[in-house]
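Input: a single structure, listed below in structure tokens.
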Amino acid sequence: MTGIRLTAPAPGWAIDADVVVVGSGVAGLTTALRCAAAGLDTVVVTKARLDDGSTRWAQGGIAAALGEGDTPEQHLDDTLVAGAGLCDEEAVRTLVTEGPDAVRRLITTGATFDTTDSGDIALTREGGHHRRRIAHAGGDATGAEISRALVEAVRSAALHTIENALVLDLLTDAEGRTAGVSLHVMGEGQHDGVGAVRAPSVVLATGGMGQVFSATTNPSVSTGDGVALALRAGAEVSDLEFVQFHPTVLFLGADSEGQQPLVSEAVRGEGAHLVDATGTRFMLGQHELAELAPRDIVAKAITRQMHEHGTEHMYLDARHFGARMWEQRFPTILAACRAHGIDPVTEPIPVAPAAHYASGGIRTDLRGRTTVPGLYACGEVACTGVHGANRLASNSLLEGLVFAERIAADIAETRPPRTEPAETASEGGGEPVALLAPETRTAIQRIMTRGAGVLRSAGSLAAAAEELEALHRSAAADVDAADPKDAVPGVDAWEVTNLLLVSRVLVAAAREREETRGCHWREDRPDRDDAHWRRHLVVRIAADRTPVVHRTETAAFPPVRPAD
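The opening residue of the sequence shown carries number 4 in our numbering; numbering runs sequentially from there.
Written as structure tokens, this is what we have:
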């Protein structure tokens, strides 16, 4: 344990449970439903409403070997290639072999996927896949349908849910084992203010951290809260340098910030072409799959073209689809484009890469266990080893499903006893973190976009590290000043403080990895170096709040705990 906690009032209320699940996407709600079905008293905590997480924004679909002639082995091969030598093969094998049945159980739960005229699940292709294995719903509204089905199931099961609640820190007992979480309910819901859910098992399913960058496909709630909580609790994170930038995000202008509209990879899967301003396709000859190459390759190609042409975007041309296909297959994307004055039926779509997915996260084993006893992580917040250096398209929803079921099974099997939390920071146990002023958020995002975006170098990363550390030192110095002006505890201050922590750790890892691999692109180190860098970077936070980076000796993860 680090003894580091967010500055916050003492919990004014508490409830007890067997399990608390933080997050309400596919990973969180699947875990909660399975835990409840096993007879565990389960509480779901979510930052906004139950259906406001990243899952609902997923357009393309969920990958699984469901089609005729497809096999888990072929899915495994495609995943390993995309992961650029850093996937954990056992984790990938678990994903692809258990995935098809997990999807079928999702259908049993109530999710409805698009079907062919013969009644089979309709499957499409996306980047990196050699077969059509992407199941989708509502054309391009897969995430929304999955979210709808799981939310309905949770409400039908009458699970205890706490909405509009930001999780703050992990509670631990005198032995350092998980004992629950502290959280703040944002004025709506069943409780107000800071409270606690006391439980011996905590599952973090808080999604990603795309908001560390100026432009992202992630919703505004994706501020890295789960990773930051885990770091403060002493957990290890891994592969955080591998941030996937989605190649085709609707370009809204160079100064556009916040969540940007995604143009799903499935559009390319159905035959759209990437072109420059002259209409010339530039992916031909760069990869055997052309526009359907893995995302890191496509994002790099677009970025190179932008630099060569001195432009801020390229184009995605799908005019040949015709109005009927756009309206039936991609209604969500069509509406988003038209809302911004672009009609893809008659003109190419301007696109540019934007931060999309964190391939790394809180390090776990195949049962979702972290390096802190009783703390689990699932979905984008976790690093199971499935994604390696670059996630294969549409493996994210599948990972959430498969590992959620594994976590629930582990908790149901072990059923750890409830213990009393030790003192919280505000009661004298542990040292609170200096909070940043909410307006610092934009500064962090611009530092990260400039220094740790699609293109990185030793110089850009060093500059980013220096600027982030200056923000960190400034906040700490203000706490020690005779007349401190530190930020008042509250949601905005807590979020930006989390953003700073995960940004510092991401940059520390990116500086350490002196090669180009997957979605980590070092201009000054353009080649992949398996001899030295087919390794994982594991990071923890020391008691003095310094990121400590450790390189593994092999491409395999070490056990999460010595007893494993």
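Don't be surprised by glycine CBs; every beta carbon is placed ideally from N, CA and C.
Predicted, not measured: the structure shown is a model, and the values here were computed from it.
Note that the C-beta distance between GLY102 and VAL354 is not below 7 Å. Selection ARG459, ALA437, GLY130 and ILE149 evaluated against LEU400 yields ILE149 as nearest (Cα-Cα). By the C-beta density criterion, PRO356 is buried, having at least 16 other C-beta atoms within 10 angstroms. Annotation for PHE248: the continuous beta strand (DSSP E) segment containing it runs 246–253. Rounded to the nearest whole angstrom, the C-alpha separation of GLY63 and GLU129 is 8 Å. Counting other Cβ atoms within 10 Å of its Cβ, SER121 stays below 16 and is therefore classed as exposed. The C-alpha of ALA496 lies about 10 Å from the C-alpha of THR10. DSSP places ASP19 outside any alpha helix (DSSP H); the residue lies instead in the beta strand (DSSP E), whose first and last residues are 17–19. Nearest in C-alpha terms to HIS535, of all of GLU556, VAL552 and GLY227, is GLU556.
Taking a contact as a CB-CB distance under 8 Å, the pair LEU509 and ALA455 counts as one, their CB atoms being some 6 Å apart. Take the alpha-carbon of ASP530 and the one of VAL542: they are about 24 Å apart.
Just so you know, the alpha carbons of GLY272 and VAL99 end up roughly 21 Å apart. By the CB criterion at 7 Å, ASP279 and MET317 fall inside the cutoff.
Look at ILE345 here: in three-state DSSP terms it is coil, with no helix or strand label. For VAL29, the enclosing alpha helix (DSSP H) has its first and last residue at 29–40.
Per DSSP, the unbroken beta strand (DSSP E) holding ALA357 starts and ends at 352–361. In the structure shown, ARG180 adopts coil according to DSSP, grouped into three states. Each of ARG548, ALA461, GLN289 and VAL494 was checked against the Cα of ARG528, and the nearest Cα belongs to ALA461. Taking all protein chains shown into account, LEU69 has 16 or more neighbouring C-beta atoms within 10 Å of its C-beta and is therefore buried. VAL230 is not a Cβ neighbour of VAL25, given a cutoff of 7 Å.
Spatial neighbours of PRO75 in its own chain (CB-CB distance under 6 Å, excluding positions within 5 residues in sequence) are listed in chain order as ALA68, VAL99 and THR100. Within the stretch 128–169, the complete alpha helix (DSSP H) runs of at least 4 residues fall at 145–159. Straight-line measurement puts the Cα of ALA512 at about 29 Å from the Cα of SER267. C-alpha of ALA558 to C-alpha of LEU83: approximately 13 Å in a straight line.
Per DSSP, the beta bridge partners of ASP320 are HIS276. Sequence-distant Cβ neighbours of PRO550 in its own chain, meaning closer than 7 Å and more than five residues away, are ARG507, VAL508, ALA511, VAL542 and ILE544. Around the beta carbon of LEU186, 16 or more other beta carbons lie within 10 angstroms, which makes this residue buried.
Within its own chain, the residues whose Cβ lies closer than 6 Å to the Cβ of ARG514, once the five positions on either side in sequence are excluded, are LEU464, listed in chain order. If the five residues before and after ARG394 are omitted, its C-beta is found closer than 6 Å to the C-beta atoms of GLN247, TYR360 and SER362, all from its own chain and listed in chain order.
Residues THR145, GLY146 and LEU400 of the same chain have their beta carbon placed closer than 7 Å to that of ALA61, with the five preceding and five following residues left out of the count.
When GLU402, PRO203 and HIS390 are compared, the shortest CA-CA separation from ASP91 is found for HIS390. Residue burial is scored here from C-beta neighbours: TRP16 has fewer than 16 other C-beta atoms within 10 angstroms and is therefore classed as exposed. At the C-beta level, VAL157 and LEU295 stay beyond 7 Å of one another. Within the same chain, Cβ atoms closer than 7 Å to the Cβ of GLY227 are found at MET212, VAL215, ASN501, LEU502 and VAL505, the five residues on either side in sequence being excluded.
ALA407 counts as buried, since at least 16 other C-beta atoms from the protein chains shown sit within 10 angstroms of its C-beta. C-alpha of HIS539 to C-alpha of ALA236: approximately 21 Å in a straight line.
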